[in-house]
Amino acid sequence: MEIRNAANPRDVKNYDTSRLREEFLIQGLLVPGEIKLVYSQVDRMIAGSVCPIDPIVLEAGKELRAEYFLERREMGVINIGPKGVVTVDGTVYELDTRDGLYIGMGAKDVIFSSEDPKNPAKFYLNSTPAHCAYPTEKIEISKAEPAKMGSQAESNQRTIYKYIHPQGVKSCQLVMGMTILEPGSVWNSMPCHTHDRRMEVYLYFNMPEDAVMFHFMGEPNETRHIVMRNEEAVISPSWSIHTGCATSNYTFIWGMAGENQVFSDMDPVLMKEIR
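Everything in the sequence shown is counted per this note's numbering, starting at 4 for the first residue and increasing by one.
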């Protein structure tokens with residue numbers, strides 16, 4: 004498991020391109036036959052992926068100092084690839100493309116597998132510390148709460164699907180969902196915002212291999228950007244804006260951890276204040 008330290012915004016404004024990418028960009032996700040986990044010290048979020056050819060068992064590793072991965076944690080999983088299976092303490096959950104799964108604290112045995120090993124599933128996951136247990140529950144994309152936002156004129160026409168949230172599948176602190184942009188729309192989360200009460204991780208996908216995403220981060224008056232490509236993720240500390248513009252439309256998964264689960268709890272940034 005890779006460890007990423009928390010970063011102070013007064014230091015980040017002095018980072019060059021390589022340092023920004025080293026601290027915040029997550030690459031090498033969704034490699035067939037591999038599991039990749041990145042532990043961010045920002046709100047103790049773990050982001051990662053499992054792309055199983057043979058079944059892959061989720062293990063705690065020495066970094067968690069736990070008997071098993073979810074001993075003191077909860078987890079959200081969304082499959083962005085072909086059909087796959089997550090087995091939790093002997094119960095089988097079949098996940099089609101864009102189906103999700105919430106796994107509550109205390110689940111001991113978690114196994115990821117693909118229906119067709121030659122065409123493996125692509126499980127993306129977020130995990131946060133938990134202090135109470137909620138039931139493990141499958142989330143079908145057809146039953147996730149959708150909200151249509153934006154407009155074609157503003158190049159941000161999109162549908163937001165909430166998977167794990169207080170009015171849906173409940174969790175201790177994890178909030179997770181997916182946003183799908185319509186063809187011709189390229190902007191997300193603009194006008195932008197911050198939320199001091201929680202951090203966020205974005206996974207960008209469904210982009211052509213030659214497409215480029217410009218993800219903007221930093222304090223509103225000290226913005227920076229990170230160039231990203233398909234199936235890469237980025238860590239956004241609570242003090243940072245998190246918005247992007249790509250050379251095509253795309254889909255992204257957002258996962259949040261912190262003090263407040265209210266989706267609308269944001270600190271808006273006026274367009275005239277961005278620098």
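The C-beta atom is built at its ideal place from N, Cα and C for all residues, glycine as well. Only a predicted model underlies this, so the values are computations on that prediction, with no experimental measurement involved.
The beta-bridge partner set that DSSP reports for residue 164 consists of 149 and 181.
Judged by DSSP secondary structure, residue 222 falls outside any alpha helix (DSSP H) and instead within the beta strand (DSSP E) spanning 216 to 222.
Rounded to whole angstroms, the gap between the alpha carbons of residue 63 and residue 261 is 21 Å.
Three or more beta-carbon pairs drawn from the segment 169 to 177 and the segment 140 to 150 are found closer than 8 Å, and the two stretches are therefore classed as touching. Residues of the same chain with a CB within less than 6 Å of the CB of residue 137, apart from the 5 flanking positions on each side, are 107, 173 and 174 in chain order.
Shown here for residue 47: same chain residues with a beta carbon closer than 6 Å to its own, the five before and five after excluded, namely 132 in chain order. With distances taken between CA atoms, residue 186 lies nearest to 162 out of 205, 198, 35 and 162.
Measuring C-alpha to C-alpha distances from residue 103 to each of 12, 122, 269 and 257 identifies 257 as the nearest. Beyond the five residues adjoining it in sequence on each side, residue 270 comes within less than 8 Å, by CB distance, of 196, 197, 198 and 199 in the same chain, given in chain order.
For the 8 Å CB-CB criterion, residue 167 and residue 115 do not form a contact.
Taking each of 254, 19, 252 and 238 in turn and checking the Cα distance to residue 43, the smallest one comes out for 238. Only buried fits residue 54, as 16 or more other CB atoms lie within 10 angstroms of its CB.
As for any alpha helix (DSSP H) of minimum length 4 sitting wholly inside the segment 9 to 45, the runs are 12 to 15 and 20 to 27, ordered along the chain. Listed in chain order, the non-local C-beta contacts of residue 224 below 8 Å within the same chain comprise 276, 277 and 278, local neighbours out to five positions each way being set aside.
Taking a contact as a CB-CB distance under 8 Å, the pair residue 215 and residue 250 counts as one, their CB atoms being some 5 Å apart.
Counting C-beta atoms within 10 angstroms of its own C-beta, residue 29 has 16 or more neighbours from the protein chains shown and is therefore classed as buried. Taking the Cα of residue 27 as reference, the smallest distance to any Cα among 35, 4 and 15 is reached at 15. Secondary-structure assignment with DSSP links residue 141 through a beta bridge to 104. Looking at the DSSP output, residue 207 shares a beta bridge with 235 and 255.
As the crow flies, the alpha-carbon of residue 236 is around 30 Å from that of residue 93.
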